[in-house]
Structure formats: C-alpha cells, structure tokens
Amino acid sequence: MNWIAIAVTFKLALLTAAVLLIVGLPIAYWLTFSKWRWKFIVESVVALPLVLPPTVLGFYILVAIGPHSPVGRFYSDVVGHPLPFTFEGLLLASILYSLPFAVQPFAAAFEQVDRRLIETSWTLGVSKLKTFFHLTVPLSTAGLITGAVLSFAHTLGEFGVVLMVGGNIEGETRTVSIDIYDEVQALNYTGAAKTAMLLLAVSYGVLLLVYAMNRKVWAVWPQR
Amino acid sequence: MIRLIIALCMLLITGVNRSAAEEITIAAASDLNFAFKEIVAEYEKATGNHVKLTLGSSGNFYAQIQNGAPFDLYFSADIAYPRKLEEAGLTVPGSLYQYAVGRIVLWTGNGSHLDFSKGLEILSEPTIRKIAIANPKHAPYGRAAVAAMEHAQVYDRVKDKLVLGENISQAAQFIESGAADVGIIALSLALAPPMQAAGHYWEIPADAHPPIEQGAVVLRSGKNQESAKAFLSFIQSAEGQRMMKRYGFVVPSPR
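Structure representation (structure tokens):
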C-alpha cells in the first residue's frame, strides 16, 4: 500500500475539514440568520460544487491560480513558486469543492436551535458573538461534527479536481484516489484493491459515525 | 474537537515533511510505465537520490508545465512538446535530448483467436467490437495509432469502435482487462511482464506512421537541475540504454 499517498490524503482531508470548520461557521450563520431578500443567490453559489462537474471546478481553479492570472502571479511573486500542482493549491481546491458539505449541515443545525433561546439570550444583554459560542454552537454540535466529518470524507474521495489541479506528484498531490488510478494502469490490481478497500472501509466508517450521531440527537430531543 | 483536529494536523504536517536528501520530480510519458520503474529503482540504488515519478499523457504534462507544474525533468513521447517548451524559454538551454524512438503494436489477450497475419486490416472484422487506443488529442501514441490505421486504410471503417484511454497505459489496461477486444499500444508496454503474460502482439511496421520521436528536457522551473541532468546522463549511459532497449525502445547511438 502506498503510505505516502495515504498520508497526503489524510493530511489534505483533515486540513480541509479544519479550514471549513472555521470558514464555514460564519457563512452558515449568515445563511441561517440573514433576512436579506437575495440570500438565495449566495445559497446557490455555496451549493454549486454539489452539482458542478469536478473538471469544471478544477479547470476554473487552474486558470484562476495559474501563472497567467493576476492572482496566480501575485502568489508566485510572494511565495516564490506557482500555486497549481502544489499541496497548497490542492488544499484551496478541496476547500472550495467541499464547501457545501460543511456549510449545509452547519446551517441546518443552526436552523434547529430554538430561536426563543437565542432571542432570550440577546434580550438578557449577552452579545451576539457570545450567544453564538455559548448557546448556538453547543446546541448544534452534532451538525457541526457532521459537516466537518462529511467534508473530510468528501475530500478523501476527491478525484476529478485533484486530477485537474494536483498533477499527481508523490508526497505532494498524489492522493489515494489518484494512486488507485495509477495502480490500475500499471496493471497492479492487488495494490489497487488493497487501497480501494481501505478507502471503502474509511468512508463507510465515517458515514456510520455521521448517522449514529444524528440518530442520537433525534433520540434525545424527539420533538420540538 | 477542534483541538484534536489541530493536533492531528500538526502531526501529519511534520510527518509528511519533505526530506533533505537529493530528490527529483520526473514527469514521464506513460509508455515508460514499466521501463522507468525499473530504471528509477536502479538509479536510486546507484546514487542514493530519490525520484518522484509521475506518469501520464505527454500532452497533459505539456499543459501542466506551462501552468507552472513543479517538475524537474520531462520525458515526452513526442519530442515536439519539449521543443515547444524550449522555444517558450521554459527549459534549461541545451538539455533537450532525444532519448528514444517508440514503436506501436497491435495487442490482444490470450483468449482471443485473432490472426494478426493480415495486419491492421483485421480491425475491420465484425467480431471486434472495441479497439483501445490512447486519446490522439494529447497522447502521441494515440496519434501514431490513428496514422497507422489511416495508412492501412481501415480508419474510416473502424473509427466507431475506438475507445480512448486517457494515456497509453490506460489503453493497455482496457485490453489487458478484456474490456476492449484489441488495442494499439506501445511496444514498451507489450513487453512488460504483466502484458506479456496476458496476451500477444504484432509489431506495426515503423513506416506505417510518422516516427514516434521521444524527447526529454530539464525544466528551468525545477529545483534540482543538477540532479535532473544526472538522471538524464544515466538514461544516456550504456546501462540506461540497455534497459530501454529491453523494453523495445529504439535508442540513439551512444554519444
């Protein structure tokens, strides 16, 4: 089994989930509590990676961060090397690609929190930020974990985007799914089968975790 | 939870850190799939350097290198790509080297009873439903396959049966697995042990298609140009050429 590819994949998935946990919270909060009439426009943008072919997303990211774009040139001037085909570029792509997998469960969880509790907190003079961290977040734990875990799992299985912006470099952008593709082309079916089995087991384990967690929430607070 | 995630991230970041040893990143056309795994292993044993090998279609690598892919060395199945990179000033001057001329073969699995004595004309047989080749859009071996079929005047009759591999290794996998009945692949892949065990081949005459001239070049954006040059010299050495020949490559006479 290709342990380097496994390490790269887990590192990528963990960092993606971690970043989305931080970036996703304010987006989900805004999506839940904003009363803006045109909110649906933003909602659609966030959900776009769910329906967009990964090659389309990958192509746009490649063009956007490549040496011919202002953003790409700025990055390579500052850091000293271009962003595509690096781990950092892949991380950026994964964050965009898995955004809805984090934001949607977050928003759904915030939606479930009793508005009366939040408003009571506000009227008692607790700041919105404090209310969020001491009331909304603790009451949404299951949703937050679901979002983080799903974005983690989704990144594990990412293929098209990695193929477009990753470049299949060992220890850098060769993820497990790409490694399986390589092994099949090298006619090493045993190697491919082992890695595929690992990915299957981890994916199933992750989903078991998500469903088990959400069942518990439902059982403790059956009706509201 | 967050603290746990951060801790795990730190662990992984330090765990997968790049080592300090000499390291080169090579983008190689996938007809080198089996030959290069052997050559790279030999090179690593001889020098102690580490080679990160990425296999794929030459045309894709060309596009990726233009977009800033961090490869040190590029082995293309079509020398036109490295030439274009040289013209664009993306290579180390004077490093372009024609390392081989490739050959293509008609390949079919052990279970089939196709008689290759008729040459490419056999492709028009109704029992053949799928013919695997590499995608001629960006894979030089795919272009050679199309040229050879045109030369044999069967292309128009069989083009609806073609299935395209993303690169020549994938085309080989399509036929090895039996998903396609027959395919046109690189001789270097047909000579690889797993392919030899699974089927037989017929060499398509070299004059049936423009020569598949293959070129390697050291890239200017690479971090380890000296090590890249060393690997290129290893390919040019008697030992490197012997291994390339064993995989059916026509190698240039030693310098």
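Same order as they appear, the protein sequences are chains A and B. Each step along the first sequence adds one to the number in this note's numbering, with nothing skipped, and position 8 is 10. Each step along the second sequence adds one to the number in this note's numbering, with nothing skipped, and position 188 is 1393. Cβ coordinates follow ideal geometry from the N, Cα and C atoms, glycine included.
May I have the straight-line CA-CA distance separating Leu-14 of chain A from Leu-98 of chain A, to the nearest angstrom?
13 Å
Does the beta carbon of Phe-42 of chain A fall short of 7 Å from some heavy atom of the ligand FAD?
By its list of ligands, the structure shown contains no ligand whatsoever, and the ligand FAD lies outside what it can speak to.
In three-state terms, what does DSSP make of Ser-1281 of chain B?
strand
Report back the beta-carbon spacing between Asn-1272 of chain B and Pro-86 of chain A to the nearest angstrom; my notes put them in contact at under 8 Å.
5 Å
Got a sec? Which residues, its chain only, sit under 8 Å from Lys-1498 of chain B by beta carbon, not counting five neighbours each side?
As displayed, chain B neither begins before 1206 nor continues past 1460, which places residue 1498 of chain B out of reach and without an answer.
Quick one: what does DSSP say Val-1456 of chain B is sitting in, helix, strand or coil?
coil
Lys-1257 of chain B CB to nearest chain A CB: under 8 Å?
yes
Kindly list, in the order they appear in chain B, the residues whose Cβ is closer than 7 Å to that of Asp-79 of chain A.
In chain order: nothing, as chain B lies at least about 12 Å away.
If we count the other Cβ atoms within 10 Å of its Cβ and call it buried at 16 or more, is Ile-24 of chain A buried or exposed?
exposed
Take Phe-134 of chain A and list the residues in its own chain whose beta-carbon comes closer than 8 Å to its own, dropping the five residues that flank it on each side.
Tyr-31
Given that Gln-1269 of chain B touches chain A, what residues does it touch there, using C-beta distances under 7 Å?
Phe-87 and Gly-169
For Thr-1313 of chain B, decide whether its Cβ has a neighbour in chain A, counting only Cβ atoms nearer than 8 Å.
no
For Arg-226 of chain A, decide whether its Cβ has a neighbour in chain B, counting only Cβ atoms nearer than 8 Å.
With a pLDDT of 48 at Arg-226 of chain A, under the threshold of 50, the modelled position of this residue cannot be trusted; read the value that follows with caution. It does not: the Cβ of Arg-226 of chain A has no partner Cβ on chain B nearer than 8 Å.
Does any C-beta atom of chain A lie closer than 8 Å to the C-beta of Ala-1393 of chain B?
Inspection of the sequence shows that residue 1393 of chain B is occupied by Ser rather than by Ala. Closer than 8 Å: no.
Please tell me whether Gly-159 of chain A and Pro-107 of chain A are closer than 8 Å, where the distance is taken between their beta carbons.
no
Residue-chain proximity (Asp-184 of chain A, chain B), Cβ-Cβ < 8 Å:
yes
Where Trp-38 of chain A sits in the DSSP three-state scheme
coil
Assuming Gly-1420 of chain B contacts Pro-1287 of chain B (C-beta within less than 8 Å), just tell me the rounded distance between them.
4 Å
Work out the CA separation of Pro-140 of chain A and Glu-113 of chain A for me, nearest whole Å.
13 Å
Taking 8 Å as the threshold, find out whether the region 118–125 of chain A comes into contact with the region 56–72 of chain A through three or more Cβ pairs.
no
Beta-carbon separation of Val-1310 of chain B and Leu-1392 of chain B under 8 Å?
yes
List, in order along the chain, the chain B residues whose C-beta lies closer than 8 Å to that of Glu-90 of chain A?
Chain B residues near Glu-90 of chain A: none, gap ~12 Å exceeds 8 Å.
Where Gly-145 of chain A falls: helix, strand or coil (DSSP)
helix
Going by C-alpha distance, which of A:Glu-185, A:Thr-157 and A:Ala-188 is nearest Val-204 of chain A?
A:Thr-157
So which residues on chain A does Glu-1444 of chain B lean against when the C-beta distance must stay under 8 Å?
Within 8 Å Cβ-Cβ: nothing; Glu-1444 of chain B doesn't reach chain A, min ~23 Å.
Pro-1416 of chain B to Ile-1327 of chain B, Cα distance in whole Å?
23 Å
Residue range of the alpha helix (DSSP H) that includes Ile-1390 of chain B
Note, Ile-1390 of chain B: premise wrong, no alpha helix (DSSP H); beta strand (DSSP E) at 1387–1391.
Kindly give me the distance between the Cβ atoms of Ala-7 of chain A and Asp-116 of chain A, rounded to whole angstroms, as I take these residues to be in contact under 8 Å.
Not quite, the Cβ-Cβ distance comes to about 45 Å (not below 8 Å), so this is no contact.
In this structure, how does DSSP classify Ile-1333 of chain B when only helix, strand and coil are distinguished?
coil
What's the C-alpha gap between Glu-1381 of chain B and Phe-1239 of chain B?
15 Å
Residues within the region 1314–1329 of chain B neighbouring chain A, beta-carbon criterion of under 9 Å
none
According to the neighbour-count rule (16 or more other Cβ atoms, all chains shown, within 10 Å of its Cβ), is Ile-43 of chain A buried or exposed?
exposed
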